[in-house]
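Residue numbers (our numbering): 480 to 541.
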Amino acid sequence: MGSEPRKVLDEIAQIKAVDVVMPTRQGMVIRKWCIAQPTKAQSTLIQMLGLYLPQRLKIQQM
């Protein structure tokens, strides 16, 4: 993986986030942002940087 800043940023940029949108019968929309499971290399990098990767993101009110 290396320790060059560009390589580190490129590896972190590969972590996927998914916006799940589910319409209900009542006409409401349920929206949830989920984070995909990082690869082993990404998990190691996150740990080394002392970062925390949430399971899901907070929903922002619009």
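Note that beta-carbon positions come from the ideal geometry of N, C-alpha and C, so glycine has one too.
Spatial distance of residue i from residue j (CA atoms)
{"i": "M541", "j": "G506", "result": "The predicted position of M541 is uncertain, since its pLDDT is 48 and thus under 50; no value can be drawn from it."}
{"i": "L501", "j": "K495", "result": "In the sequence as presented, Leu is not what sits at residue 501; that position holds Met. M501 and K495: Cα-Cα distance of roughly 19 Å."}
{"i": "G529", "j": "R485", "result": "18 Å"}
{"i": "T503", "j": "E483", "result": "46 Å"}
{"i": "W512", "j": "V487", "result": "24 Å"}
CB-CB length for residue i against residue j, believed under 8 Å
{"i": "E490", "j": "Q526", "result": "At roughly 13 Å, the Cβ-Cβ gap does not stay under 8 Å, so E490 and Q526 are not in contact."}
Which residues DSSP lists as bridging residue i, in chain order
{"i": "V499", "result": "K511"}
Which listed residue (the options) has its alpha carbon closest to that of residue i
{"i": "V508", "options": "I514, D498, P517, Q516", "result": "D498"}
{"i": "A515", "options": "V487, L488, L532", "result": "L532"}
CB of residue i within 9 Å of CB of residue j, strictly
{"i": "Q493", "j": "T523", "result": "no"}
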